[in-house]
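Below is one structure, written out as structure tokens; comments come after it.
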Amino acid sequence: MKTLKTQVLIIGGGVTGAGIARDLALRGVNCLIVEKHDINAGASGANHGLLHSGARYVSSDALSAEECRDEGRILKKMAPDCIEDTGGLFVAVAGDDETYIAEFPHLCAKSHIPVEELDVKDAREMEPALSSKTIAAFQVQDASIGPFKLSMENIHQARTLGCELLRHSQVVGFQVIKRRIVATELRNLLTQEHFMIEADQVVNACGAWAKEIAALAGCQIDLLYSKGSLLVTHSRLTRRVINRLRPSSNADILVPGGTVSILGTTSIRIENLDAIFPTVSEIDAIVGEGAAMIPDLEKIRYIRAYAGVRPLVGTASEEGGRSISRSFTLIDHEKEGLENFATITGGKLTTYRLMAEKTTDLVCARLGVTKPCVTQTEPLPTDPATRWTKPGIAPELWIKHNDPQDLLLCECEMVPKSVVNSLALSIHEQNGKPDLVSLGLRSRIGKGTCQGTFCAQRIAAYLYDIDEMTGKEGLENIRAFVSERWRGERPLLWDTSLIQAELKEALYCGFFGVEIND
Amino acid sequence: MTETLNIDCDLVIIGAGMAGMAASLFAGNRNIDTVQVGNTSEIIFASGLMDLMGVHPVGSGIIRKNPWDSIENLCRDVPDHPYAKIPPTIIHDASEELIAFLNASGLAYVRHEKQNALVLTPAGTVKPTYFVPRTMWNGVRALETKAPCLIVDIKNLKGFSARQIVASFKSFWPGLDHATISFPGPVNQGEVYLEPLARSLAVPQNRKALADELRPYLKNARFLGMPAVFGIQGAHRILSDIEKLVGIPMFEIPTMPPSIPGLRLKETFESNLSAKGIRRFFQKHVLGVQVKGKEFIVQIGDKSPETLIKTRGVVLASGRFLGKGLSADRKQIRESIFNLPVHQPDKRSAWHNYEFLDPAGHPVNRAGLETDDRFRPLDRSGKAAHEKLFAAGSILAHQDWIRQKCGSGLAIATAYAAVNAFLD
Chain F
13 MKTLKTQVLI IGGGVTGAGI ARDLALRGVN CLIVEKHDIN AGASGANHGL LHSGARYVSS
73 DALSAEECRD EGRILKKMAP DCIEDTGGLF VAVAGDDETY IAEFPHLCAK SHIPVEELDV
133 KDAREMEPAL SSKTIAAFQV QDASIGPFKL SMENIHQART LGCELLRHSQ VVGFQVIKRR
193 IVATELRNLL TQEHFMIEAD QVVNACGAWA KEIAALAGCQ IDLLYSKGSL LVTHSRLTRR
253 VINRLRPSSN ADILVPGGTV SILGTTSIRI ENLDAIFPTV SEIDAIVGEG AAMIPDLEKI
313 RYIRAYAGVR PLVGTASEEG GRSISRSFTL IDHEKEGLEN FATITGGKLT TYRLMAEKTT
373 DLVCARLGVT KPCVTQTEPL PTDPATRWTK PGIAPELWIK HNDPQDLLLC ECEMVPKSVV
433 NSLALSIHEQ NGKPDLVSLG LRSRIGKGTC QGTFCAQRIA AYLYDIDEMT GKEGLENIRA
493 FVSERWRGER PLLWDTSLIQ AELKEALYCG FFGVEIND
Chain Z
522 MTETLNIDCD LVIIGAGMAG MAASLFAGNR NIDTVQVGNT SEIIFASGLM DLMGVHPVGS
582 GIIRKNPWDS IENLCRDVPD HPYAKIPPTI IHDASEELIA FLNASGLAYV RHEKQNALVL
642 TPAGTVKPTY FVPRTMWNGV RALETKAPCL IVDIKNLKGF SARQIVASFK SFWPGLDHAT
702 ISFPGPVNQG EVYLEPLARS LAVPQNRKAL ADELRPYLKN ARFLGMPAVF GIQGAHRILS
762 DIEKLVGIPM FEIPTMPPSI PGLRLKETFE SNLSAKGIRR FFQKHVLGVQ VKGKEFIVQI
822 GDKSPETLIK TRGVVLASGR FLGKGLSADR KQIRESIFNL PVHQPDKRSA WHNYEFLDPA
882 GHPVNRAGLE TDDRFRPLDR SGKAAHEKLF AAGSILAHQD WIRQKCGSGL AIATAYAAVN
942 AFLD
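Following this line, the structure appears as structure tokens:
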């Protein structure tokens, strides 16, 4: 069996694992990230993309509020390229709890979170989409952040400093000798080959999957799973992040992200991680409740829904687990008899850097590395390969270059051949082979109104033309791509989206017969 | 104020997709005084292939060789399917009458004797179909014989890669090869669109230039396949001409919509139906229909009513969601013009399965209008909603044309049955 060696093995290619890799690399420690699927495949890729000011948590969870406050400020300085500093509003509508509204500015002040009360009329001028039934509005320092770009850039810098990322690699077991994990066994999910990694330290950064990984090492973590579903609107509805001013509930936050807005979330306790998808009833609840704050949400077109799972450390019994702290938990497994194993889970996208810092501090202390963390002061370098995740960049460059041969393969999001070429190159650099799903993850491909109807076959055809596909891979890829898109379309198929879905099925099943061809 | 114009007729056909076009043709052939209203842009989404029945049962995922046997099995297994209301001989007569019209109009179709043909698609798959455009028939023969065959694509044409087709079939068709050409002519700078290329081949000189471009790649190929581009009118003649210059049998491969074969159908229907005396209001909408005793008053126009049509009968061939015959909000599916009851799953969560490619097909696709044996949609009490209101095509319930591969056959046969029922 092939064996790889590294100083630190990080399990999980979400934003926490990416942040730890960068932090370790900046302290001169060699590391390897292994990821079962692809970058941000779990909750790191299925959230609002919200950089919290902290105001959301002032009443229920002051610790999280203050962590968010500090980390938000740091990230705005260190990773401005990943952030759109939109600002945010908290708004209440008629019927919302007046006591909560009255306490809110005081609670913010107590946690030193800047807040400014607005005249309702001014707030509605700033954000015309707000309901006419708005009764209170406060301005805060929320922002929107691109989670995929953030993870990619952390990994990019770690790689330039000698760390590696292995995708499609699933941990299947640990070899423990004398209180130490001496080797980790993995399976490559593409080739089914098994291989080993020998590392001085092992970090479990698997988010909701942390419990399963810890169990493989004989450690127990009390973890609850809270599923949250979100909706992507067809166009951007507000300039700022809009929060509902009430105790956390469904559909409380609308976050602008480039040309769209993201509405969510629900919080539903689930028992296992097998079926993480948004349901019709969740979507109806989100639309219904969101419309109280922004009435247009009842009428507009949605292009996609998705769901992620929050790992909540604890054993609370409350439905959905909204009252459990959103702060993170770093578990040193030494007390359970494993000296070189640690788990980091819980937390939020906003606090990922702090989570990475604390974890790296522990790992470095064990390794005897004394170099301190520098990620509060060291700006995150931009990785050119991440730019295609940003809406509007591909069209801007395509128009600028004006090359008539550089055809648009995804017309909704204006992604041309040249972008596919550059994505293919970066996927090869991450030990992979470009397929439709991984191209989609790294760009706007398939994320527009047609949701892959035209671009799936067009890009498959192009990948054959540039020798990136052979045999029947095109058919397999198309099946995987349309199936992946479907999970986010299924709960919101009414009106125009249903028409689009009918066209897609007529093309891929009616004409191509992808469901009946082998 | 828009001035309204009043028209009297015997039959109004609502819809200009395959079912609406077929209904107009059948009505014209039976000398019924007919007005047709509808948007013809949907028909260019057609692939040009005309299938009767390709897959049954749907969950089997097996492509059936003999459509007539499959229809027989379907009628036994799914007695609610619209086909079960039509004797096979009538389905046969309906499709032959339509194909005869297309053949006479210069859009030639060919078929096997009682057997489906398999047509190559750009996705590297095969599609089962009954009637095949003559321009595609050599492709069916080439696939059946696995003869050495060259697939040629066009530089800067998206969604069609000869390499993709060749790679997908190479394991059992070793004689396949691919080449890429620049389509001759001035239309060669950036992205290539098929319609101007197709129109350019109406000029003999351009055909010669294309043949000159193709000939160097032939080697030992005995067939040559290309994306469907060989002209709009008289495609078969254009293709024969190029075949003579190239020297081997050639064929077209249908392309992603909007496609040239779809455009041929649209133009053929548009230019030949008026000769049958059909008055057409294409690109107009039906804004409302009033029922006055035995008559219907159909209001048509863009936004405000421009024309009022008084008629004795209506064939509703307005299609499903894409055709806007059906519409859905978050709670339910409605029929758009008469607000007829729509057979549908009881809640939205049951409309679609969790997997897009679920072999069973999505329940929403079997939603639609239920009818009596004469294709009259039922009202809420389960009786025919009106003595002379008929429904045809994909708006009908209990069928899944996408998965059963029966879209054209269903449209044609039910249009035929509806028009004949009107005459009774």
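Order-wise, the sequence lines are chains F and Z. When you line the first sequence up against this note's numbering, it's residues 13 to 530, in that order. When you line the second sequence up against this note's numbering, it's residues 522 to 945, in that order. Yeah, the Cβ is synthetic: ideal placement off N, Cα and C, and Gly gets one too.
With 16 other CB atoms within 10 Å as the buried threshold, where does threonine 362 of chain F fall?
Within the first sequence, numbered from 1, the residue matching residue 362 of chain F stands at position 350. Buried: at least 16 other Cβ atoms inside 10 Å.
Based on DSSP bridge pairs, tell me the residues matched to cysteine 43 of chain F.
On the first sequence, position 31 is the one that residue 43 of chain F refers to. Paired residues: F:Val20.
For isoleucine 858 of chain Z, does the count of other Cβ atoms within 10 angstroms reach 16, so buried, or fall short, so exposed?
Taking the second sequence and counting its residues from 1, the one referred to as residue 858 of chain Z is at position 337. With 16 or more other Cβ atoms inside 10 Å of its own Cβ, isoleucine 858 of chain Z counts as buried.
Taking the alpha-carbon positions, what's the leucine 119 of chain F to valine 70 of chain F distance?
Numbered from its first residue, the first sequence carries residue 119 of chain F at position 107. Numbered from its first residue, the first sequence carries residue 70 of chain F at position 58. Those two C-alpha atoms are separated by around 6 Å.
In chain F, what lies closer than 8 Å to glycine 680 of chain Z by C-beta?
As a working mapping, residue 680 of chain Z is identified with position 159 in the second sequence. Chain-ordered, the chain F residues with CB closer than 8 Å to the CB of glycine 680 of chain Z read Phe466, Gln469, Arg470 and Ala473.
Decide yes or no for the touch test of the stretch 153-173 of chain F against the stretch 87-103 of chain F: beta carbon pairs closer than 8 Å, at least 3 of them.
yes
Just to make sure I have the definition right: I need the residues of chain F whose C-beta is within less than 8 Å of the C-beta of tryptophan 467 of chain Z. Which are they?
The first residue shown for chain Z is 522 and the last is 945, placing residue 467 of chain Z beyond what the model contains.
How many angstroms separate the CA atom of tyrosine 318 of chain F from the CA atom of glycine 569 of chain Z?
The residue you call residue 318 of chain F lines up with position 306 of the first sequence. The residue you call residue 569 of chain Z lines up with position 48 of the second sequence. Approximately 37 Å between the Cα atoms of the pair.
Along chain F, in chain order, which residues have C-beta atoms closer than 8 Å to that of proline 705 of chain Z?
Mapped onto the second sequence, residue 705 of chain Z falls at position 184. What proline 705 of chain Z touches in chain F: nothing, since even the nearest Cβ is about 17 Å away.
Closer than 9 Å between beta carbons: that is the criterion. Which residues of the stretch 625-653 of chain Z meet it against chain F?
Thr642, Pro643, Ala644, Gly645, Thr646, Val647, Lys648 and Pro649
As an exercise, report each continuous beta strand (DSSP E) stretch of at least 3 residues that is fully enclosed by the stretch 607-673 of chain Z, in chain order.
638-641 and 647-650
Among residues of its own chain, excluding the 5 on either side of glycine 399 of chain F, which ones have a beta-carbon nearer than 6 Å to its beta-carbon?
Looking up residue 399 of chain F in the first sequence gives position 387. The question names glycine, but residue 399 of chain F in the sequence shown is arginine. Cβ within range, chain order: Ile405.
Under 8 Å, Cβ to Cβ, is there at least one residue of chain Z near tyrosine 476 of chain F?
Here residue 476 of chain F is taken as the residue at index 464 of the first sequence, counted from 1. At least one chain Z Cβ lies under 8 Å of tyrosine 476 of chain F.
Mapping DSSP to helix, strand and coil, what is leucine 843 of chain Z?
Position 322 of the second sequence holds residue 843 of chain Z. Correct three-state label for leucine 843 of chain Z: coil.
So which residues on chain Z does leucine 419 of chain F lean against when the C-beta distance must stay under 8 Å?
Reading the first sequence from its first residue, position 407 is the one you call residue 419 of chain F. Residues of chain Z passing the Cβ test: Asn677, Lys679, Gly711 and Glu712.
Can you check the stretch 889-939 of chain Z for any beta strand (DSSP E) of at least 3 residues that lies completely inside it and give the ranges in chain order?
910-912
In the DSSP assignment, find the beta strand (DSSP E) that holds glutamate 269 of chain F and state where it starts and stops.
On the first sequence, residue 269 of chain F is found 257 positions in, with the first residue counted as 1. Rather than glutamate, the amino acid found at residue 269 of chain F in this sequence is glycine. 265-269 is the extent of the beta strand (DSSP E) around glycine 269 of chain F.
Could you compute how far the alpha carbon of alanine 297 of chain F sits from the alpha carbon of alanine 263 of chain F?
To locate residue 297 of chain F, count along the first sequence from 1; it is residue 285. To locate residue 263 of chain F, count along the first sequence from 1; it is residue 251. Each residue's alpha carbon lies about 8 Å from the other.
Please decide whether glutamate 773 of chain Z counts as near chain F, where near means a Cβ-Cβ distance under 8 Å.
Reading the second sequence from its first residue, position 252 is the one you call residue 773 of chain Z. Put simply, the CB of glutamate 773 of chain Z is far from chain F, with every gap to its CB atoms at 8 Å or more.
Please classify histidine 806 of chain Z: does DSSP put it in a helix, a strand, or coil?
Along the second sequence, one-based indexing puts residue 806 of chain Z at 285. Three-state result, histidine 806 of chain Z: strand.
State whether the stretch 867-883 of chain Z contacts the stretch 501-514 of chain F, with contact taken as three or more CB pairs (one from each stretch) at a distance under 8 Å.
yes
Confirm, please, whether the CB-CB distance from proline 578 of chain Z to aspartate 554 of chain Z is below 8 Å.
In the second sequence, counting from the first residue as 1, residue 554 of chain Z sits at position 33. In the second sequence, counting from the first residue as 1, residue 578 of chain Z sits at position 57. Their beta carbons are not under 8 Å apart, which means aspartate 554 of chain Z does not touch proline 578 of chain Z by this criterion.
CA-CA distance, tyrosine 364 of chain F and leucine 745 of chain Z?
Taking the first sequence and counting its residues from 1, the one referred to as residue 364 of chain F is at position 352. Taking the second sequence and counting its residues from 1, the one referred to as residue 745 of chain Z is at position 224. Distance between the alpha carbons of tyrosine 364 of chain F and leucine 745 of chain Z: 58 Å.
Do the CB positions of aspartate 850 of chain Z and aspartate 234 of chain F come within less than 8 Å of each other?
Taking the first residue of the second sequence as 1, we reach residue 850 of chain Z at position 329. Taking the first residue of the first sequence as 1, we reach residue 234 of chain F at position 222. Taking 8 Å as the Cβ cut-off, aspartate 850 of chain Z and aspartate 234 of chain F do not qualify as a contacting pair.
For alanine 58 of chain F, which three-state DSSP category applies?
Here residue 58 of chain F refers to the residue found at position 46 when the first sequence is read from its first residue. Correct three-state label for alanine 58 of chain F: coil.
Specify the secondary structure class of proline 446 of chain F as computed by DSSP and reduced to three states.
Here residue 446 of chain F refers to the residue found at position 434 of the first sequence. Coil.
Mapping the DSSP letters down to three states, classify alanine 354 of chain F as helix, strand or coil.
As a working mapping, residue 354 of chain F is identified with position 342 in the first sequence. In the structure shown, alanine 354 of chain F sits in a strand (DSSP, three-state: E or B).
For valine 631 of chain Z, which residues in the same chain have their Cβ closer than 6 Å to its Cβ, ignoring the five residues on either side in sequence?
Locating residue 631 of chain Z in the second sequence gives position 110, counting from the first residue. If we look at valine 631 of chain Z and ignore the five residues flanking it on each side, its Cβ neighbours are Val653, Arg655 and Trp658.
Applying a beta-carbon distance threshold of less than 7 Å, which residues of chain F neighbour glycine 928 of chain Z?
By 1-based counting over the second sequence, the position of residue 928 of chain Z is 407. Here the neighbours are Gly522.
Could you check whether the Cβ of lysine 445 of chain F sits closer than 8 Å to any Cβ belonging to chain B?
Absence of chain B from the displayed structure is noted, the protein chains being F and Z.
Alpha carbon to alpha carbon, how far is threonine 203 of chain F from isoleucine 583 of chain Z? Give it in angstroms, no decimals.
In the second sequence, residue 583 of chain Z corresponds to position 62, counting from 1. In the first sequence, residue 203 of chain F corresponds to position 191, counting from 1. Taking the straight line from one Cα to the other gives about 29 Å.
Check glycine 158 of chain F in the structure and name its three-state DSSP category.
Stepping through the first sequence from its first residue, residue 158 of chain F is reached at position 146. Coil.
Would DSSP call serine 780 of chain Z helix, strand or coil?
By 1-based counting over the second sequence, the position of residue 780 of chain Z is 259. In the structure shown, serine 780 of chain Z sits in coil (DSSP, three-state: anything other than H, G, I, E or B).
Could you say if the stretch 747-764 of chain Z and the stretch 781-795 of chain Z meet the contact criterion of at least three C-beta pairs nearer than 8 Å?
Under the Cβ criterion (8 Å, minimum of three pairs), the stretch 747-764 of chain Z counts as touching the stretch 781-795 of chain Z.
Could you check what DSSP says for glutamate 480 of chain F in three-state terms: helix, strand or coil?
Taking the first sequence and counting its residues from 1, one reaches residue 480 of chain F at position 468. Looking at glutamate 480 of chain F - three-state DSSP - the assignment turns out to be coil, as it is neither helix nor strand.
Ignoring anything shorter than 3 residues or poking outside the stretch 234-285 of chain F, list the beta strand (DSSP E) runs there in chain order.
235-245, 253-256, 265-269, 272-276 and 280-282
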